[in-house]
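A.B. asks: Same order as they appear, the protein sequences are chains R and V.
Residues 384 to 562 (our numbering) make up the first sequence, in order.
Residues 42 to 427 (our numbering) make up the second sequence, in order.
For each residue, glycine too, the CB sits at the ideal point set by N, CA and C.
The structure that follows is given in the form of structure tokens.
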Amino acid sequence: MGGLIIMKEVHAGGKLLKKVYVAIFLWFTGRAIQATAKVDKEVKKEFDALPDDFTFALGCLPNGPWMVVGKEKGKVKYFGGDLNSRKIHLRLVIKNIEAAFLILSFQESTALATTRNRLMTDGEVPYALSVIRILDIVEVYLLPKIIASLAVKRYPSWWSFGRKLAGRIGVYTRTLLGI
Amino acid sequence: MDLTNGFAFTCPFKTNSGNKALENLPVELAGLNAFKPLIITSRPLAGCRAISTLKNAFGDSGMTLGIFDGVTETADLSVVEQIRDIFVKGQYDSIIALGGGVVVDVAKIVNLAVSQKVADARQLSPATAIRDPLGPFIVIPTAAATGMETSKYAFLQGKSFVSVHLMPDLVILDPRLTRAKDGKAVAEAGFAAFGRILEADIAPDRNPLMHAYAFTALRFLRENLADAVNKRCNKKASLAVANAVAMSGCVISNTDQNVLHRLGQVFQKIVHVHPGMIIGMCLHPFLDDCMKKDSSLIASLLLPLGGDDKYAAMPEAGRAGEALRDIYEFSYEIYRSLKGKIPRTITEAGIQQYLMNDVMDIINQEPDGAYLRTMIDRVGGGSIKA
């Protein structure tokens, strides 16, 4: 029987490509949230309703990457990917890098991923809902309709053409320039 | 259901089912305060692909895993002792069982040995008291599951350990692991689950929580088993069957009504056949007997099996007959699609006389041995002659 028995100890590998994709996506989205808060009145209103110095993080377990966004002196800012840089009031946690890739490559919408037990919220639920609404609006600006429809629960077809076009130009310009 | 009589129901495990469910393992382990798991499996029984899929699911977690893939069909307490030794020396803190049947039985007893810090697992016996919860234990059933993986029972070399603490903390059902190599394995697991659940659900002492599990599992099986047997690439159907099989373990742990289950276990122990084969054979005579005793209990099966419309359209007096017809059609469909791969009688199964004698010896020791014997006779067991 001894010959049949196999025991080995292995170390979990990494998923570098998926991690890089998620990191780039979060970096770009973080900057886009900062930009959208200046361009879109609805996003500005959502942030205004949140407490001063409110900071949230979106990322995945166990080792990130993370995106930290918050308010500083009334302005919305992207604070990079370091969770220790500020006090975090709300953490939206994706349970693993595979789930993060499914969500951020638009194979699953945020709502669907939540029902499939891929996300956890660490903080107040009303704040989390505000952040989800903000993320939905940012995704509508960043993505073409065909992809954004997969990412958000309901694509805002009631938005005027002018809002979408002007908003996209503003969001992309500010995101790329980081202003 | 008379609620004034009082009832108890235990289901201590969490189920994590669906696409990429395996990838939740690191987070779930952390939730159980476990960071260095030992995976117990069998390369021939679970398959190299399943082991590799499980290993990849830990990607990016930074964890160190032990993989013991040498469990065989003939594993005994000396294998348990060997794994216990590995667990202690490797300073592991949790156990993951990947596979079904004997693999999970071994893992349950290893968990008992390491949690109770016994010096030698070979000293364990069914008389060992299991009073406290055991260490973190996760079961990942594959297509080789028999339904007993999630139950409070562990059988090893004729020894039967029973305790709710043997049930897992977490069950993960991932469609990448639940697809079977052949339809026979799916059908056997499905029949085993179907028979056990059905028996519990028509018992006079059923309770609302057990009924909720039974209802869901019966509907999953009725709607998906034929598809899972015929189209093995159908992930949705095989996952639904795997869920029902996992639920059957919980149901059987909460009931004393287990005629079909006991028959299946005796044949598994003596003849080494899948319990689902025997449960499938005995289903019809068992239901005929139940129909004679109290047809109202059979009538209640029409709702999970036939569906809402059929149940609503059928007058109360005809529901029991319609439910039986539905079950017969369902099992006939499975047997027909397998084209004789699963025998319908003990004669067809070609079980040797000396093995049948051993089976009868065990059955005669049961309190309801006479009834069990008639059941075996009615499925062709009585016609086997030396």
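1) Interface residues of chain V around R474/R at Cβ under 8 Å?
2) Can D465/R and V451/R be called in contact, C-beta distance under 9 Å?
3) Mind pulling the chain R residues with CB within less than 7 Å of F99/V?
4) Nearest-angstrom Cα distance between R537/R and S513/R?
5) Can you check which of these residues, L502/R, A395/R, T412/R, is closest to Y555/R by C-alpha distance?
6) Note the first and the last residue of the continuous beta strand (DSSP E) segment covering P78/V.
7) Would D349/V be called buried (16 or more neighbouring beta carbons within 10 Å of its own) or exposed?
8) So which residues of chain R does E248/V contact, with C-beta pairs closer than 9 Å?
9) According to a CB-to-CB cut-off of less than 8 Å, which residues of the stretch 534-554 of chain R neighbour chain V?
10) Mind checking W541/R: buried by the 16 CB within 10 Å criterion, or exposed?
11) Compute the Euclidean distance between the alpha carbons of I150/V and V121/V, then round it to the nearest angstrom.
12) Output needed in chain order: residues of the stretch 58-73 of chain V with a Cβ under 7 Å from some Cβ in chain R.
13) Considering only the alpha carbon of each residue, which of E264/V, N265/V, A255/V, K276/V lies closest to R217/V?
14) Confirm, please, whether the CB-CB distance from A234/V to G188/V is below 9 Å.
15) Of all the CB atoms in chain R, is at least one closer than 9 Å to the CB of I383/V?
16) Would you give the residue range spanned by the alpha helix (DSSP H) that Y376/V belongs to?
17) Kindly list the residues whose CB is nearer than 6 Å to the CB of T438/R, restricted to its own chain and excluding five residues on each side of it in sequence; keep chain order.
18) If the criterion is Cβ atoms closer than 9 Å, does the pair L397/V and I387/V meet it?
19) If you reduce the DSSP assignment to three classes, tell me which class C291/V lands in.
20) CA-CA distance, R474/R and R360/V?
21) So, does the CB of F196/V fall closer than 9 Å to a CB anywhere in chain R?
22) Could you tell me whether the Cβ atoms of S102/V and P53/V are closer together than 9 Å?
23) Listing by chain order, which chain R residues have their CB less than 9 Å from the CB of D110/V?
24) Quick one: give me the first and last residue of the beta strand (DSSP E) that E507/R is part of.
25) Helix, strand or coil for A244/V per DSSP?
26) Let me see if you follow: with CB-CB separation under 9 Å, is T105/V close to chain R or not?
27) In chain order, which beta strand (DSSP E) runs of at least 3 residues are fully inside the stretch 458-513 of chain R?
28) According to the neighbour-count rule (16 or more other Cβ atoms, all chains shown, within 10 Å of its Cβ), is I81/V buried or exposed?
29) Counting only C-beta atoms, is A494/R closer than 9 Å to chain V at any point?
30) Can you name the residues of chain R whose CB is closer than 8 Å to the CB of S135/V?
31) Taking 9 Å as the cut-off, decide whether the C-beta atoms of T94/V and L63/V are in contact.
32) Do we get a CB-CB distance below 9 Å when we pair A406/R with the residues of chain V?
33) Rounded to whole angstroms, what is the Cα-Cα separation between L559/R and V422/R?
34) Spatial neighbours of I137/V within its chain, please: CB distance less than 6 Å, with the 5 preceding and 5 following residues excluded, ordered by chain position.
35) Counting along the chain, where does the beta strand (DSSP E) carrying D138/V start and finish?
C.D. replies: According to the structure data:
1) Chain V residues near R474/R: none, gap ~13 Å exceeds 8 Å.
2) yes
3) A395
4) 16 Å
5) T412/R
6) 78-81
7) exposed
8) What sits at residue 248/V in the sequence shown is Asn, not Glu. Going along chain R, no residue has its Cβ under 9 Å from N248/V, so there is no contact; the nearest lies around 27 Å.
9) none
10) exposed
11) 7 Å
12) G59, K61, E64, N65, P67, V68
13) K276/V
14) yes
15) no
16) 360-379
17) G453, R469, I471, H472
18) In the sequence under discussion, the amino acid at residue 397/V is Met, which differs from the Leu named in the question. Yes, the Cβ-Cβ distance between M397/V and I387/V is below 9 Å.
19) helix
20) 53 Å
21) no
22) no
23) I388, I389, M390, K391
24) Segment: none, E507/R is in no beta strand (DSSP E) and carries neither H nor E.
25) coil
26) yes
27) 458-461, 473-477, 502-505
28) buried
29) no
30) By Cβ distance, chain R contributes nothing, its closest Cβ being about 14 Å from S135/V, past 8 Å.
31) yes
32) no
33) 14 Å
34) P78, I80, I179
35) In the sequence on display, residue 138/V carries Ala and not Asp. Residues 135-139.
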